[in-house]
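Undergrad:
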Ligand code: SF4
Ligand code: SF4
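Chains as they are written, first to last, in the working numbering: chain F, 2 to 398; chain Y, 21 to 275.
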């Protein structure tokens, strides 16, 4: 009985026009990327995390943490835009909000996949997070809230698919609240460490939320563009308008984010602890300068602005490319933030230490990153294939 | 007598004050500063205030500020350290610290400075500061690291450690490392399990130090050497990275 109704649901939601050999090939390709990539992380449990990742005592966190943050932040952004248009209605983005909910779930899966192989003993977490919680710990709250958020969003999505609009709406609101709080706790993980002046301070959680609005809008633009690209269809006017609104949000937040980045960096040069300034030096003139100026600023901020202006928010492929570049910039920005917070020796001046420790992610770390991209790409394609109709229908209330 | 007249008087210093009397003031949490004249004290200030002035960057806990039945700490007489690293070796032996490059519970840092072609070498022993406001404990999601309620020592419950390494990022003193054998984070615990539990009075490092750099003991117990050193008037005492607000229990002095 339930089988029948399930297949009836999928018959309603699936997008048969996507059952093409190319789509199959692409889906299988990303599935392989996922499996191979994440296997690199699974090796950590066999050979030891300390052996296959290039983290050290001095720099305990690396690219896996920054990538986790990147996906988690993007998920928060997508979820917030979706919830706002679901709750308040009236925004043009409502038209694409179902897809945003799905992609928010998928992005958080990418985040979980990354952190799952980063943490040394995740099995202990399952038990002791519950029986020995520390309510003062940001990590505890972050994990708990992201877990809660994903639960809410899955129910929300089930509600959308099955037409239970009320349930979807309520769960959407709870999911978005949990996502915002989780994002804030993620910012707080870094912001509440006085040992790391480059992270410490009240600005960082807001910075993370700003990043969420930026990455979320960029992802919304990009994934919607891709959704029509793989269908070889032109966007309907309403979808076009919805993506355009996402593009507007993206532009606005791009400016906010640039301003926040500017002042954040300036603040290290007007005083404050030497460690913070030396960390900022890593980005401005030091080992992360190429990352910062070329990838974060050039590719992640300036070129997208130019593209947005040129596109006049009408040329969708240009806008989508801008969104893609913003995501690249955000990915690198998370990396630089995580690395710069730790690469200045805490006992600089002793032991003949270099001003900045060097950190190059290992092959396996790159593997896991590829795996997480695989998760998101695979999830996107599967979503379009299985729920494509739901995404293109009008919103659920 | 007004202030101006007072200022003209010769300062007899606190040297002429009988030892017993000085002790009494210290016991009351009061340090003597300023002038002492004709047998009457003209200026007194609380120890914490005094140490705030003298050792502008720190607070030595004073009476009533010890939340633990025993409150262990260490003072490093830094200029005595010759960098022999016998302490490091003793620690590795006693506490089974793995032989991995990044694994250590205590270390000796070295600084070489040159002044007019003469080379000056300084050594600085470091270890976990068993902070009173330990960032590592605050951030741990599963309470795998916590303050021992008896001693104030920051200890590990290895089975609860998920290996998120937040404590490593949070520690201002680089005191924590990943222990491959335990597959958990590890750190100095003042030999609480390996020596103190057996009734030994000193940590392995303190016992091994030939130059008596490391003085370990209960900060609350007035009969200990560490108490005496910490409360020696006019000595300059400092802690590392006081700006982080971790309130360390490892102190430094030159003596
Ligand atoms: S020194 Fe580091 S490890 Fe030790 S108590 Fe303080 S924060 Fe924790
Ligand atoms: S690594 Fe272990 S001890 Fe450190 S914060 Fe995480 S769970 Fe706690």
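Here a beta-carbon is modelled for each residue, glycine too, at the ideal position from N, C-alpha and C.
Determine the extent of the beta strand (DSSP E) in which residue 82 of chain F is found, giving its start and end residues.
TA: Per DSSP, residue 82 of chain F belongs to no beta strand (DSSP E); it is in the alpha helix (DSSP H), 64 to 89.
Undergrad: Within 9 Å (strictly less), CB to CB, does residue 163 of chain Y reach chain B?
TA: The chain inventory of the structure shown lacks chain B, comprising the protein chains F and Y.
Undergrad: Is residue 161 of chain Y near ligand 2, with its Cβ less than 8 Å from a heavy atom?
TA: Flag set: Cβ of residue 161 of chain Y near ligand 2.
Undergrad: Along the chain, where does the beta strand (DSSP E) that runs through residue 165 of chain Y open and close?
TA: Taken as a continuous stretch (DSSP letters only), the beta strand (DSSP E) holding residue 165 of chain Y covers 165 to 167.
Undergrad: Classify residue 138 of chain Y as helix, strand or coil using the three-state DSSP reduction.
TA: Note: residue 138 of chain Y maps to strand in three-state DSSP.
Undergrad: Would you list the residues sitting across from residue 206 of chain Y in a DSSP beta bridge?
TA: According to DSSP, residue 206 of chain Y bridges with Y/197.
Undergrad: Nearest CA to the CA of residue 112 of chain F: which residue from F/289, F/30 and F/144?
TA: The residue with the shortest Cα to Cα distance from residue 112 of chain F is F/144.
Undergrad: With 8 Å as the limit, tell me which residues of the stretch 147 to 174 of chain Y have their beta carbon closer than that to any beta carbon of chain F; keep them in chain order.
TA: Residues passing the 8 Å Cβ filter: 155, 158, 159, 160, 161, 162, 163 and 164.
Undergrad: Can you tell me where the alpha helix (DSSP H) with residue 337 of chain F in it begins and where it stops?
TA: Start and end: 317 to 341.
Undergrad: By Cβ distance, which residues of its chain are closer than 8 Å to residue 162 of chain Y, with the 5 residues on each side in sequence left out?
TA: Within the same chain, residue 162 of chain Y has close Cβ partners 180, 181 and 182.
Undergrad: Going by DSSP, which residues form a beta bridge with residue 235 of chain Y?
TA: Answer is Y/95, bridged to residue 235 of chain Y.
Undergrad: So that I know if they touch, is there some Cβ in chain Y lying closer than 9 Å to that of residue 56 of chain F?
TA: Yes, residue 56 of chain F counts as interfacial toward chain Y.
Undergrad: Could you compute how far the alpha carbon of residue 140 of chain Y sits from the alpha carbon of residue 245 of chain Y?
TA: When rounded, the distance between both Cα atoms is 29 Å.
Undergrad: Anything in the stretch 200 to 216 of chain Y with a Cβ closer than 8 Å to a Cβ of chain F? List those residues in chain order, please.
TA: Listed by position, the residues of the stretch 200 to 216 of chain Y near chain F (Cβ gap below 8 Å) are 200, 203 and 204.
Undergrad: Buried or exposed for residue 367 of chain F, please, with buried defined as at least 16 other CB atoms from any protein chain shown within 10 angstroms of its CB.
TA: With fewer than 16 other Cβ atoms within 10 Å, it is exposed.
Undergrad: Ligand 2 and residue 164 of chain Y: does the residue's C-beta get closer than 8 Å to at least one heavy atom of that ligand?
TA: Because some heavy atom of ligand 2 lies under 8 Å away, the Cβ of residue 164 of chain Y counts as near it: yes.
Undergrad: Beta-carbon of residue 352 of chain F versus every beta-carbon of chain Y: anything under 9 Å?
TA: With 9 Å as the cut-off, residue 352 of chain F counts as an interface residue toward chain Y.
Undergrad: The beta strand (DSSP E) with residue 96 of chain F in it runs from where to where?
TA: It is not in any beta strand (DSSP E) - residue 96 of chain F carries neither H nor E in the DSSP assignment.
Undergrad: What is the DSSP secondary structure of residue 172 of chain F, counted as helix, strand or coil?
TA: Helix at residue 172 of chain F.
Undergrad: Is any non-hydrogen atom of ligand 1 found closer than 8 Å to the C-beta of residue 321 of chain F, if you look at the structure I gave you?
TA: Every heavy atom of ligand 1 is 8 Å or more from the Cβ of residue 321 of chain F, so no.
Undergrad: For a test of your reading of the model: does the CB of residue 155 of chain Y fall under 8 Å from any non-hydrogen atom of ligand 1? Yes or no.
TA: Answer for residue 155 of chain Y: yes, Cβ within range of ligand 1.
Undergrad: Should residue 164 of chain F be labelled buried (16 or more other beta-carbon atoms within 10 Å of its own) or exposed?
TA: Exposed, by the Cβ-count rule.
Undergrad: Taking 9 Å as the CB-CB limit, is residue 288 of chain F close to chain Y?
TA: No, residue 288 of chain F lies away from the interface with chain Y (no Cβ there is under 9 Å from its Cβ).
Undergrad: With C-beta atoms as the reference, is residue 74 of chain F less than 9 Å away from residue 216 of chain F?
TA: A contact, by the Cβ cut-off of 9 Å.
Undergrad: Counting only beta-carbon separations shorter than 9 Å, does residue 270 of chain F have a partner in chain Y?
TA: No, no contact with chain Y.
Undergrad: Give the residues from the stretch 122 to 139 of chain Y that approach chain F closer than 7 Å (Cβ to any Cβ), ordered along the chain.
TA: The residues in question are 122, 129, 130 and 131.
Undergrad: For ligand 1, is there a heavy atom less than 8 Å away from the beta-carbon of residue 191 of chain Y?
TA: The answer is yes for residue 191 of chain Y.
Undergrad: Ignore the nearest five residues each way along the sequence and tell me which others in residue 391 of chain F's own chain have a CB closer than 7 Å to its CB.
TA: Around residue 391 of chain F: 14, 99, 161 and 162.
Undergrad: Contact criterion: CB-CB distance below 9 Å. Does residue 398 of chain F meet it with respect to chain Y?
TA: Unreliable positioning characterises residue 398 of chain F in this predicted model, as indicated by a pLDDT of 40, which lies under 50. The coordinate reading is nonetheless provided below. No, because no Cβ of chain Y sits closer than 9 Å to the Cβ of residue 398 of chain F.
Undergrad: Which one of F/188, F/80 and F/138 has the shortest CA to CA distance from residue 335 of chain F?
TA: Measuring from the Cα of residue 335 of chain F, the nearest candidate turns out to be F/188.
Undergrad: First and last residue of the alpha helix (DSSP H) that includes residue 129 of chain F?
TA: Segment 123 to 132, the alpha helix (DSSP H) holding residue 129 of chain F.
Undergrad: In whole angstroms, what is the alpha-carbon distance linking residue 272 of chain Y and residue 250 of chain Y?
TA: Their backbone Cα atoms lie some 10 Å apart in a straight line.
Undergrad: Using a Cβ-Cβ cut-off of less than 8 Å, list which residues of the stretch 121 to 152 of chain F approach chain Y; keep chain order.
TA: From the stretch 121 to 152 of chain F, only 121, 122, 123, 125, 126, 129, 130, 133, 134, 135, 137, 138, 139, 140, 141 and 144 have a Cβ closer than 8 Å to chain Y.
Undergrad: Which same chain residues end up closer than 7 Å to residue 360 of chain F when comparing Cβ atoms and leaving out the 5 residues on each side of it in sequence?
TA: The residues are 55, 60, 63, 340 and 344.
Undergrad: Taking Cβ positions only, does residue 41 of chain Y come closer than 9 Å to chain F?
TA: Caution applies to residue 41 of chain Y, whose pLDDT of 48 falls short of 50 and renders its modelled position unreliable; the value that the coordinates give is listed next. Answer no: the Cβ-Cβ gap between residue 41 of chain Y and chain F never drops below 9 Å.
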